[in-house]
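Undergrad: Sequence order for the protein chains is A and B. Taking the working numbering, the leading residue of the first sequence gets 1, the next gets one more, and so forth. Taking the working numbering, the leading residue of the second sequence gets 1001, the next gets one more, and so forth.
There are 2 protein chains.
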Amino acid sequence: MPKLRKDPIMGRWVIIADERAQRPHDFHTTVQKPERTHDCPFCEGNEHNTPPEVDALRDPDSQPNEPGWRVRVVRNKFPALRAEGAVDRQGDALYETMAAVGAHEVIIDSPRHVASLSELPAEAVRDVFQVYRDRLRIHKQDRRFVHGIVFKNVGAGAGASLEHTHSQLMVTPIVPINIWQEITGSLRYYNDRGRCVFCEIVDEELKDGSRVVMETDHFVAFCPYAGRFPFEIWVVPRRHDSHYENIAPLALEDLGALMKLLLHNLEEKLERPPYNYIIHSSPFDHPGLLHYHWHIEIIPRLTQVAGFEWGTGFYINPVPPEQAAEQLRAAHPSSAPSS
Amino acid sequence: MPKLRKDPIMGRWVIIADERAQRPHDFHTTVQKPERTHDCPFCEGNEHNTPPEVDALRDPDSQPNEPGWRVRVVRNKFPALRAEGAVDRQGDALYETMAAVGAHEVIIDSPRHVASLSELPAEAVRDVFQVYRDRLRIHKQDRRFVHGIVFKNVGAGAGASLEHTHSQLMVTPIVPINIWQEITGSLRYYNDRGRCVFCEIVDEELKDGSRVVMETDHFVAFCPYAGRFPFEIWVVPRRHDSHYENIAPLALEDLGALMKLLLHNLEEKLERPPYNYIIHSSPFDHPGLLHYHWHIEIIPRLTQVAGFEWGTGFYINPVPPEQAAEQLRAAHPSSAPSS
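(1) Quickly, what does DSSP pair Glu1053 of chain B with across the bridge? List them, please.
(2) Cα-Cα, which of A:Val73, A:Lys152, A:Phe198 is closest to Ile278 of chain A?
(3) Please state whether DSSP places Arg1005 of chain B in a helix, a strand or coil.
(4) Could you tell me whether the region 1229-1248 of chain B touches the region 1280-1296 of chain B, using the rule of 3 or more Cβ pairs below 8 Å?
(5) Can you have a look at Asn49 of chain A and say buried or exposed, based on whether 16 or more other CB atoms are within 10 angstroms of its CB?
(6) Which two residues bound the contiguous alpha helix (DSSP H) that contains Tyr277 of chain A?
(7) Report the rounded CA-to-CA distance for Phe222 of chain A versus Lys3 of chain A, giving the unit in angstroms.
(8) So the beta strand (DSSP E) Val150 of chain A belongs to, where does it begin and stop?
(9) Work out the CA separation of Ala1103 of chain B and Pro1024 of chain B for me, nearest whole Å.
(10) Alpha carbon to alpha carbon, how far is Val1171 of chain B from Pro41 of chain A?
(11) May I have the straight-line CA-CA distance separating Asp1088 of chain B from Val14 of chain A, to the nearest angstrom?
(12) Expressed to the nearest angstrom, what Euclidean distance is found between the alpha-carbon atoms of Ala158 of chain A and Ile298 of chain A?
(13) Would Val1213 of chain B and Ala1122 of chain B be called neighbours here (beta carbons separated by less than 9 Å)?
(14) Could you compute how far the alpha carbon of Arg359 of chain A sits from the alpha carbon of Thr97 of chain A?
(15) Given a limit of 8 Å on CB to CB distance, which residues of the region 1088-1114 of chain B reach chain A?
(16) When DSSP builds the beta bridges, which residues end up paired with Asn1317 of chain B?
(17) Tell me which residues share the same chain as Val131 of chain A and place their Cβ nearer than 8 Å to its Cβ, disregarding the 5 neighbours each side in the sequence.
(18) Could you spell out the range, first to last residue, of the beta strand (DSSP E) harbouring Gln168 of chain A?
(19) Does DSSP put Ile1183 of chain B in a helix, a strand or coil?
(20) Taking the alpha-carbon of Val1146 of chain B as reference, which of B:Ile1174, B:Pro1060, B:Arg1112 has the nearest alpha-carbon?
(21) For Thr1216 of chain B, which of B:Val1197, B:Pro1237, B:Pro1230 has the nearest alpha-carbon?
(22) Given Leu1136 of chain B, which residues of its chain have a CB within under 6 Å of its CB, disregarding the five upstream and five downstream residues?
(23) Measure from the C-beta of Lys1006 of chain B to each C-beta in chain A and report whether the shortest distance is under 9 Å.
(24) Based on Cα-Cα distance, which residue from A:Gln181, A:Ala160, A:Val114, A:Arg301 lies nearest to Ile233 of chain A?
(25) Which chain B residues sit within Cβ distance under 9 Å of Phe222 of chain A?
(26) Pull the bridge partners of Thr1097 of chain B from the DSSP assignment, please.
(27) Just the C-alpha distance for Pro320 of chain A and Gly227 of chain A, rounded to the nearest angstrom, thanks.
(28) Output yes if chain B places a C-beta closer than 9 Å to the C-beta of Pro173 of chain A; else output no.
(29) In the DSSP assignment, the alpha helix (DSSP H) including Phe1129 of chain B goes from what residue to what residue?
(30) Report all residues from its chain with a CB closer than 7 Å to the CB of Glu1205 of chain B; omit the five preceding and five following residues, and keep chain order.
(31) If the cut-off is 7 Å on Cβ atoms, which residues from the region 313-327 of chain A count as contacting chain B, listed in chain order?
(32) I think Asn265 of chain A touches Ile16 of chain A, with their Cβ atoms under 8 Å apart; what is that distance to the nearest whole Å?
(33) Are the CB atoms of Leu1094 of chain B and Ile201 of chain A nearer to each other than 9 Å?
(34) Kindly indicate if chain A contains any beta-carbon less than 9 Å away from that of Gln1181 of chain B.
(35) Going by CA-CA distance only, name the one from A:His295, A:Pro283, A:Tyr292 that's closest to Asp340 of chain A.
(36) Measuring only between beta-carbons, confirm whether Asn65 of chain A sits less than 9 Å from chain B.
The structure is reproduced here in structure tokens:
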């Protein structure tokens, strides 16, 4: 019998329909590999093929837009938001508009042409997460901007148009609605029970254990109780903090090693699926919130999202999170490339 | 310069980024046609290849599960919700669950093997919308069920696994979160201004005209001001009503003709894109609401939804709604098949 489960943060219900896993069309994702070009603009030596560099981790004696970098940040070639100008909010009672002022950057995770963070040493993965932090800290100083979201698309099925491992950062003059709903949902929980709902979830997941995929000194990775997607994973810091950009050096170190291994296991179990991950964090102009807790959501793109999900926000997950976690834990650790 | 626009019902912001329309990957949707099988289970004569019929519009002297029908309703072969049993809500403070009790039905729109409602006579399209109404009225009598959603997936890119034109109905024991957010968003507007936000939008769209695609005696079809997707269309009844199942015979007649022509124009302009439509309507157990207004949302699936949209609910629409409406109005009416 399929079950409904409720997400305690958003209040959204999900159908956990394990009997649908046998559906003929499930998981027959066409592996549409992005085309690998000989002149990949993200490879070291091809720096002239991207928009100008805005930031980089690079050797002290190297020059911007030249080789010698470990992580490189450029503006998106087709930015959805522009850095120039005022926010200029306008509108009547019904319709409001403002200039799409913000930032849209591409973070090139590695000078080498690899398709996944899992192929890099743990220290290089840490460098990527450090650059996320540094970019958010820089944008936070611009009073026009109120929120920053870091995300990664891997594989054409997840929206990537280039294979070379990269991430994106969008900084917006408004709070995106899903983040806002998480914040208000977690505030409701906090007002009811006096505690951060994410802290409660971490405690509950560690106590129960059945949905935990990995745990480290600083993080717990688990398949959420009311996950919308098969093999969805959340990475939540043990220590309460509402803002990702506050992450401490030791936690960054830990996160690099964890993400490398987690993505490796996901790729091994699901045969390199397309996936997205997104860092959910508080708006820049909010102080440290007691009720909201930054975290990373990893979403493999195995099922087609159809009209029902669009129309309702009501998802059907054909793999119970407990089964997904069990399989992800069982991925063979010895095949993990040593870093 | 791209602009941000705010949806007045949900409060969500959308980037209207017309300069991105030139992006190389935009609209390069692979036309993945669902496989046409010789033994299509939805064709007249193959009734034995579907689960048993639960309802039909059929000739008075024909038998269930035999030829002689115009619209036929069967249970989904892989139902996500089951008709049997009690709702049985359980849970502790953090996690709640209930049995996935409900209904999941397939409405076979036509005995003939056609891929779109636009290929049917207007009266046949009306029949389909009448069956939606009738099924909702029947399920509404079951006190376990609180909401029904009617939707259609066309094309593999929109989640359809069969080509033969069909729709689906899901009846749930809870209110899906997006519908709930629309209802609370429209209540907030009503409390502020004393009027239904959808009624205001209809007035504003008719006054402005630039986003209107078609209008009839009973309906206005327009590209919404803050549409999330290129060529997104809403069909809103002029007369305020919160529940689709209250639709009157004359409005049904009108809707059949409108939907046929609207889908025809969409298919002509966008070369038969994959799309979904969803009827948004109030929960069964709510009385007639003054603040909520049923409507249909039509969503062509032209762009890949990537990590940013998932993570944030913040969409990038590369085609301004005014341009989309202009193109949809300009589709050649003389090529519309006469009905």
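Glycine included, every Cβ here is placed at the ideal spot set by N, Cα and C. Here the structure is a predicted model, which is why all the values come from computation and not from measurement.
TA: In this structure, then:
(1) Per DSSP, B:Val1074.
(2) With distances taken between Cα atoms, Ile278 of chain A lies closest to A:Lys152.
(3) Correct three-state label for Arg1005 of chain B: strand.
(4) The region 1229-1248 of chain B, when compared against the region 1280-1296 of chain B, does touch it at the 8 Å Cβ threshold.
(5) When all chains shown are included, Asn49 of chain A counts as exposed.
(6) First-last for Tyr277 of chain A: 275-280, but that is the beta strand (DSSP E), not the alpha helix (DSSP H).
(7) About 20 Å.
(8) Annotation for Val150 of chain A: the continuous beta strand (DSSP E) segment containing it runs 147-154.
(9) Low per-residue confidence applies at Pro1024 of chain B: pLDDT is 37, beneath 50, and the placement is therefore not dependable, though the value from the model is reported in the following sentence. Their Cα atoms are separated by approximately 42 Å.
(10) About 49 Å.
(11) Answer to the nearest angstrom: the Cα atoms are 16 Å apart.
(12) In this model, Ala158 of chain A and Ile298 of chain A are separated by some 12 Å (Cα to Cα).
(13) Cβ atoms of Val1213 of chain B and Ala1122 of chain B: not closer than 9 Å.
(14) Residue 359 of chain A falls outside the range modelled here, since chain A spans only 1 to 339, and no answer is possible.
(15) Listed by position, the residues of the region 1088-1114 of chain B near chain A (Cβ gap below 8 Å) are Gly1091, Ala1093, Leu1094, Tyr1095, Glu1096, Thr1097, Met1098, Ala1099, Ala1100.
(16) Its beta-bridge partners are B:Ile1016.
(17) If we look at Val131 of chain A and ignore the five residues flanking it on each side, its Cβ neighbours are Asp55, Leu57, Val71, Val73, Ile107.
(18) Looking at the DSSP string, the run of the beta strand (DSSP E) that includes Gln168 of chain A is 166-172.
(19) Helix, per DSSP.
(20) Nearest C-alpha to Val1146 of chain B: B:Ile1174.
(21) Considering only alpha carbons, the answer is B:Pro1237.
(22) Setting aside the 5 residues that flank it on each side, Leu1136 of chain B is surrounded in the same chain by Gly1148, Glu1245, each with a C-beta closer than 6 Å to its C-beta; the list follows chain order.
(23) It does: the Cβ of Lys1006 of chain B has a partner Cβ on chain A nearer than 9 Å.
(24) That would be A:Arg301, whose Cα lies nearest to the Cα of Ile233 of chain A.
(25) Near Phe222 of chain A there are no residues of chain B at all, since even the closest Cβ is about 13 Å away, more than 9 Å.
(26) DSSP lists A:Arg5, B:Gln1090 as partners of Thr1097 of chain B.
(27) For Pro320 of chain A and Gly227 of chain A, the distance between alpha carbons rounds to 8 Å.
(28) Yes - at least one Cβ of chain B is within 9 Å of the one on Pro173 of chain A.
(29) Here the alpha helix (DSSP H) through Phe1129 of chain B covers 1122-1140.
(30) In the same chain as Glu1205 of chain B, and ignoring 5 residues on each side of it, the C-beta atoms closer than 7 Å to its own belong to Arg1211, Val1212, Val1220, Phe1222, in chain order.
(31) Near chain B, meaning a CB-to-CB distance below 7 Å, the residues of the region 313-327 of chain A are Gly313, Phe314, Ile316.
(32) About 22 Å; that fails the 8 Å criterion.
(33) It is a contact, given that the beta carbons lie within the stated cut-off.
(34) Using beta-carbon distances, Gln1181 of chain B counts as an interface residue toward chain A, with a partner under 9 Å.
(35) For chain A, the structure presents residues 1 to 339; residue 340 of chain A sits outside this window and is missing.
(36) Contact with chain B is absent for Asn65 of chain A, since none of that chain's Cβ atoms lies less than 9 Å from the residue's Cβ.
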